[in-house]
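Here is the structure we will look at.
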Amino acid sequence: MSPETTSPCACSGRSADGTHTAVDPEAKHALLSRLKRIEGQVRGVQKMVEEERYCADVLMQLSSVQEALRGAGRVMLHNHLKHCATEAISSGDPEKTEAMYDELMELMYKNAR
């Protein structure tokens, strides 16, 4: 799902005010740490461009940033499968199961690109 999508995931990991609560604290910490590192990498690439560094060097750093983002995505996907998908599928609710199946298929297609 894209960040602007407002549909909730098929799990019930929500607090009373409707905010999502299913992110495992360890996964959240790992994800935030990765994102902060990625932010630093992106700033480094920006500086390289400003300094007119050699194109191949910039491209190598961009490749590293892309791989780091994929790693962050894997952390989030693992959390989603471990908590949200497991809960939706084990709920026994056919609508939740179908919604989760559709969501997972969409995520797999988008991440396979």
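Numbers given in my numbering equal positions in the sequence shown, counted from 1, plus 9. Where a beta carbon is used, it is the ideal one built from N, C-alpha and C, also for glycine.
Query                                                                                                                                                                   : Result
Quick one: is residue 93 buried, meaning 16 or more other Cβ sit within 10 Å of its Cβ, or exposed?                                                                     : buried
Helix, strand or coil for residue 100 per DSSP?                                                                                                                         : coil
If I measure Cβ to Cβ from residue 80 and keep anything under 8 Å in the same chain, skipping five residues before and after, which residues do I get?                  : 43
In chain order, what residues of the same chain have a beta carbon less than 7 Å from the beta carbon of residue 40, not counting five sequence neighbours either side? : 81, 84 and 85
If you draw a straight line from the alpha carbon of residue 106 to that of residue 112, how long is it in whole angstroms?                                             : 10 Å
Considering only their Cβ atoms, is the gap separating residue 74 from residue 47 smaller than 8 Å?                                                                     : yes
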